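Structure first, commentary second.
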Amino acid sequence: MAAVSALTAATVALVGLAAPAHAADPVLRDLAAAKGIYYGTAVTSSKLSGTYGAVTGAQFDSITPANEMKWGTVEPNRGSFNWAGADRVVDFAEANGQQVRGHTLVWHSQMPNWLANGSFSNTELRTIMTDHVTTEVTRYKGRIDHWDVVNEPLNEDGTMRGSKFYNQLGESYIADAFRAARAADPAAKLYINDYNTDGTGPKSNGMYSLVQRLKAQGVPIDGVGFQGHLILGQVPATLQANLQRFADLGVEVAITELDIRMTLPATDAKLAQQKTEFKAVTNACLAVARCAGVTVWGFTDSDSWIPDVFPGEGAATPYDAGFQPKPAYYGIAEALGWTGDGGGGDPTPTTGCAVTYAVQSQWNTGFTANVTVRNTGSSPVNGWTLRWTWPSGQSVTQAWNATVTQSGAQATAVNAAHNAAIVPGGSATFGFNGAWSGGNTAPGAFTLNGAACAVALS
Ligand code: XIL
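With positions in the sequence shown counted from 1, the corresponding number in the numbering used here is that position plus 7.
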């Protein structure tokens, strides 16, 4: 069924009203700096304003463009360059006193079509690659602290991935890329980066041997990036030991793309577990002297690649989609030495909600219902989105005290200006008219800002 009251400009403006954080919230970048590491986030350049920009600037001291420096973005057609997004990220970082991780120069994925589908002699391909590295690194010379020079060079069994570069040039493509990058910007720290290398195992053994070979050949490699795309409940127990063995090779290490995904919906229990795991990963970096820092791959669930790539999974970042800090955020802060406002006990505010759904009246094909959302946690809710799925094909036709839209069977209610804030113990109520046919079964589950609520029917 079609949406009811369309998402209006007024609704969009409301998003900006949602307070980014609570007054007493810790500042991750300051805590991290005091511990001698950086705390970074991947960003989407077009979003760097409003609340998204404010949180990025306030909380993180390193940013990584999620896509804007990839080859397919910067050189979509051979010889024609698009630096707009990359420039915006670097300018933002400088305006906010942040480092930049450049990501990424040589990768089998997100290549421009002309490169991916073109056929080139080996000599030509090598020159194309080193020219690309030289051009991009030179453009940002002196402004990028860490470069992911080569991304994802390995197969899961630790052998070399059969990328276009490897297939034509052999392993020497890696050495050539690093040498070109070093020549273009001697001050940047040059990294190799991969996923599923976080714990010990065949793939990280492959990376270990590769780094040993590169070092033995005198290749200018400074660091190894561990992406850290992790699954709730599956953080490798060997993470710290693995980081340490690479550090012992004489390179820096960093967690470069941390997210911890879960099967949706998020529940309080899952979010509590996620807090423990963000804390553990941060602690692993802190425990390794050569660990330079941690970057989360998007700081908010509204800017995460997970739901697009892993259907049914998400809630993988430290802030919810409404820019409210999740337990994971406090877990990071605690690892970084934050002890809360009083220092006593667990300082993490609790979150929780309870929904009362009541049909007020019903007629042949229509009905009127009221929904009350209660904040059962100890922290305020500043801006809310309530979602539910209709069990028997109902749809919302008109709403008041909230803006309700519908996509398929899923209804989404966003607060009105006057009921955006719900203090602990407080509630917000909205109502709507709906249409039904065949049945009008009440929804059995609701999520508030992505987390499941207790449900009371009346
Ligand atoms: C992802 C981006 O976040 C998405 O927006 C894009 O559609 C695909 O790439 N490993 C990497 C990152 O090194 O570049 C990827 O980023 C995530 C996996």
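Yeah, the Cβ is synthetic: ideal placement off N, Cα and C, and Gly gets one too. The model shown is predicted, which means the values in this text are computed figures rather than measured ones.
query: Got a sec: does the ligand XIL put a non-hydrogen atom nearer than 8 Å to the Cβ of D155?
result: Correct: D155 has its Cβ closer than 8 Å to the ligand XIL.
query: Does the distance from the CB of T270 to the CB of E320 come in under 9 Å?
result: Yes, these two residues count as a Cβ contact at 9 Å.
- request: Identify, in the order they occur along the chain, each residue of the same chain with its Cβ nearer than 8 Å to the Cβ of L293, setting aside the five sequence neighbours on each side.
  value: Here the set comprises K42, I44, A342 and L343.
task: Please confirm whether any heavy atom of the ligand XIL lies closer than 8 Å to the CB of A65.
output: Flag unset: Cβ of A65 not near the ligand XIL.
query: So what's K148 in DSSP terms, helix, strand or just coil?
result: The DSSP-derived three-state label of K148 is coil.
task: Would you kindly check if the distance between the Cβ of L217 and the Cβ of F233 is under 9 Å?
output: With contacts defined as CB atoms closer than 9 Å, F233 and L217 fail to qualify as a contacting pair.
- prompt: Taking the runs of the beta strand (DSSP E) that are 3 residues or longer, which of them lie wholly in the segment 289-341?
  reply: Taking only runs of at least 3 residues, the beta strand (DSSP E) segments lying wholly in the segment 289-341 are 298-303.
- prompt: Would you say the segment 101-114 touches the segment 136-156, given that touching needs at least three Cβ pairs under 8 Å?
  reply: Proximity of the segment 101-114 to the segment 136-156 meets the contact definition, three or more beta-carbon pairs being nearer than 8 Å.
- prompt: Taking the C-alpha atoms as reference points, what is the distance between L221 and R186?
  reply: Those two C-alpha atoms are separated by around 11 Å.
- prompt: Under the rule that 16 or more other beta-carbon atoms within 10 Å means buried, what is E131, buried or exposed?
  reply: For E131, the number of other beta carbons within 10 angstroms of its own is below 16, and it is reported as exposed.
task: Let me know the secondary structure DSSP gives Y379 once reduced to three states.
output: Going by the sequence as given, residue 379 is Thr instead of Tyr. Collapsing the DSSP output to three states places T379 in a strand.
query: Name the DSSP beta bridge partners of T454, please?
result: Its beta-bridge partners are R394 and A459.
- prompt: Comparing alpha-carbon positions, which option in S56, S386 and S128 lies nearest F99?
  reply: Relative to F99, the option among S56, S386 and S128 whose CA is nearest is S56.
- prompt: Is D68 near Q117, with beta carbons less than 9 Å apart?
  reply: Taking 9 Å as the cut-off, the beta carbon of D68 is found no closer than this to the beta carbon of Q117.
task: Consult DSSP for I135 and reduce its assignment to one of helix, strand or coil.
output: DSSP places I135 in helix when its eight states are reduced to three.
message: Considering only heavy atoms of the ligand XIL, does any lie closer than 8 Å to the CB of A49?
response: Flag set: Cβ of A49 near the ligand XIL.
message: On the CB-based measure, 16 or more other CB atoms within 10 Å of its CB, does N124 come out buried or exposed?
response: Counting Cβ neighbours within 10 Å, N124 comes out exposed, since fewer than 16 surround it.
- prompt: Which residues mark the beginning and the end of the beta strand (DSSP E) in which R268 is found?
  reply: Note, R268: beta strand (DSSP E), E259 to T270.
- prompt: Would you say G240 and Q280 are within 9 Å of each other, going by their C-beta atoms?
  reply: Contact check for G240 against Q280 passes: the beta carbons are separated by less than 9 Å.
- prompt: Does the beta carbon of G169 fall short of 8 Å from some heavy atom of the ligand XIL?
  reply: For the ligand XIL, not one heavy atom lies less than 8 Å from the Cβ of G169.
- prompt: Exposed or buried, T166, counting other C-beta atoms within 10 Å across all chains shown (16 or more means buried)?
  reply: Classified as exposed, T166 has fewer than 16 neighbouring CB atoms from the shown chains inside 10 Å of its CB.
query: Is V81 helix, strand or coil by DSSP?
result: V81 falls in the helix class under three-state DSSP.
query: Between which two residues does the beta strand (DSSP E) carrying F185 extend?
result: Where F185 is concerned, there is no enclosing beta strand (DSSP E), although the alpha helix (DSSP H) around it starts and stops at S179 to A191.
- prompt: Over what stretch of residues does the alpha helix (DSSP H) that includes F233 continue unbroken?
  reply: Here F233 belongs to no alpha helix (DSSP H); instead the beta strand (DSSP E) covers G230 to F233.
- request: Could you tell me whether the Cβ atoms of G441 and T404 are closer together than 9 Å?
  value: G441 is a Cβ neighbour of T404, given a cutoff of 9 Å.
- prompt: Run through DSSP, which three-state label would T448 get?
  reply: The answer is coil: DSSP assigns T448 none of H, G, I, E or B.
Reduced DSSP secondary structure (H/G/I, E/B, other) of Q224: Note: Q224 maps to coil in three-state DSSP.
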